[in-house]
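Input: a single structure, listed below in structure tokens.
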Amino acid sequence: MADQEKRIIFRTSAPITYQLPGKDIYESIRTTGLGDQFPHINTGHVQDITSTIDSLGISPEETVIFTATTEQALDTTNVITQHLGIPAIEDPALNPPRFDLADFMSPEDFRIFGDDKYNVLRNRYLRAFYENRFLETKEDLYLRFNELIERYSQEEARTVLAVSHAFLMRFYEVFHTQGDIALTDYTVLSKTWNPDQNPYGRLGGFEINITNIPLGNK
Numbered sequence: 003m004a005d006q007e008k009r010i011i012f013r014t015s016a017p018i019t020y021q022l023p024g025k026d027i028y029e030s031i032r033t034t035g036l037g038d039q040f041p042h043i044n045t046g047h048v049q050d051i052t053s054t055i056d057s058l059g060i061s062p063e064e065t066v067i068f069t070a071t072t073e074q075a076l077d078t079t080n081v082i083t084q085h086l087g088i089p090a091i092e093d094p095a096l097n098p099p100r101f102d103l104a105d106f107m108s109p110e111d112f113r114i115f116g117d118d119k120y121n122v123l124r125n126r127y128l129r130a131f132y133e134n135r136f137l138e139t140k141e142d143l144y145l146r147f148n149e150l151i152e153r154y155s156q157e158e159a160r161t162v163l164a165v166s167h168a169f170l171m172r173f174y175e176v177f178h179t180q181g182d183i184a185l186t187d188y189t190v191l192s193k194t195w196n197p198d199q200n201p202y203g204r205l206g207g208f209e210i211n212i213t214n215i216p217l218g219n220k
């Protein structure tokens, strides 16, 4: 088969309400960070999801879908698979890296910072990642990204659609654009990841185009 371009499209899951049943916001974020439980997407986003997918200009016959195994990713993916009429494959490599919020932000800090608490949280989150205070090291996450791209590059489909989480996708985008220098230079990591802004918008993401891949040959 002739060489063609492959598109690997990363998109975030639909918006959620962070507060889990029976927990306050802080404990909800901590529970999610540890990977113990994730919220479902907010209702009323079916049209947003389908419109986003339509805007990508992908052909169902030439597309394979991968999804994180979290509730919000699966909820989003279920809408996509029904819309496109193709199944999805659950891929833990699209799950966010696990962390303990208590390691870098206390409940008291969360309360004191008020309206600025999420900006502070993102900055501390990124610093904790860089200092390997997550439950998965930055080196392991970098390896996970490279293995994922290698696997997706070998798919027969021309388009790979990956439904994941904004913070993880930002790390993957940094790894793609900056390489392993992001593991050793916090300035590079921080400038590209940009913790002062919420990554992407609603159902946003990024795309990797890979050329000179003999599609269909594994």
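All residue numbers for the sequence shown refer to my numbering, where the first residue is 3 and numbers rise by one.
Even glycine gets a Cβ: it sits at the ideal position worked out from N, Cα and C.
DSSP-derived helix/strand/coil call for residue i
{"i": "valine 66", "result": "strand"}
{"i": "serine 53", "result": "helix"}
{"i": "serine 108", "result": "coil"}
{"i": "leucine 170", "result": "helix"}
{"i": "glycine 37", "result": "coil"}
{"i": "threonine 139", "result": "coil"}
{"i": "threonine 179", "result": "helix"}
{"i": "arginine 153", "result": "helix"}
{"i": "glutamate 158", "result": "coil"}
{"i": "arginine 32", "result": "helix"}
{"i": "phenylalanine 115", "result": "coil"}
{"i": "phenylalanine 101", "result": "coil"}
{"i": "asparagine 200", "result": "coil"}
{"i": "isoleucine 27", "result": "helix"}
{"i": "alanine 164", "result": "strand"}
{"i": "asparagine 148", "result": "helix"}
Straight-line gap, residue i to residue j (C-alpha atoms, nearest Å)
{"i": "isoleucine 51", "j": "threonine 34", "result": "23 Å"}
{"i": "phenylalanine 115", "j": "serine 53", "result": "36 Å"}
{"i": "glycine 218", "j": "glutamate 92", "result": "Here glycine 218 scores only 38 on pLDDT, less than 50, and its place in the model should not be relied on; the value that follows carries that caveat. Each residue's Cα considered, the two are about 21 Å apart."}
{"i": "phenylalanine 169", "j": "arginine 9", "result": "21 Å"}
{"i": "arginine 100", "j": "glycine 37", "result": "6 Å"}
{"i": "leucine 150", "j": "phenylalanine 40", "result": "23 Å"}
{"i": "leucine 143", "j": "asparagine 97", "result": "11 Å"}
{"i": "isoleucine 210", "j": "isoleucine 11", "result": "6 Å"}
{"i": "leucine 58", "j": "glutamate 110", "result": "43 Å"}
{"i": "isoleucine 27", "j": "threonine 139", "result": "26 Å"}
{"i": "glycine 207", "j": "tyrosine 174", "result": "11 Å"}
{"i": "proline 17", "j": "arginine 204", "result": "7 Å"}
{"i": "glutamine 49", "j": "threonine 79", "result": "13 Å"}
{"i": "threonine 45", "j": "glutamate 141", "result": "37 Å"}
{"i": "aspartate 118", "j": "proline 62", "result": "42 Å"}
{"i": "serine 155", "j": "histidine 47", "result": "30 Å"}
{"i": "alanine 104", "j": "alanine 159", "result": "42 Å"}
{"i": "phenylalanine 112", "j": "alanine 75", "result": "26 Å"}
Delimiting residues of the beta strand (DSSP E) encompassing residue i
{"i": "alanine 130", "result": "Here alanine 130 belongs to no beta strand (DSSP E); instead the alpha helix (DSSP H) covers 119 to 132."}
N-terminal and C-terminal residue of the alpha helix (DSSP H) that residue i is part of
{"i": "alanine 90", "result": "Here alanine 90 belongs to no alpha helix (DSSP H); instead the beta strand (DSSP E) covers 90 to 92."}
{"i": "histidine 85", "result": "73 to 86"}
{"i": "threonine 189", "result": "188 to 195"}
Cβ separation of residue i and residue j, assumed to be a contact under 8 Å, to the nearest whole Å
{"i": "phenylalanine 106", "j": "arginine 126", "result": "4 Å"}
{"i": "proline 23", "j": "leucine 128", "result": "Not a contact, Cβ separation roughly 29 Å."}
{"i": "glutamate 1", "j": "threonine 186", "result": "An answer regarding residue 1 cannot be provided, because it is not within the stretch 3 to 220 covered by the chain."}
{"i": "tyrosine 132", "j": "leucine 191", "result": "6 Å"}
{"i": "histidine 85", "j": "isoleucine 55", "result": "6 Å"}
{"i": "threonine 65", "j": "threonine 161", "result": "4 Å"}
{"i": "aspartate 102", "j": "arginine 32", "result": "7 Å"}
Discussion item. For the structure I just gave you, are there three or more beta carbon pairs, one from the stretch 51 to 71 and one from the stretch 186 to 201, closer than 8 Å?
Written reply: no
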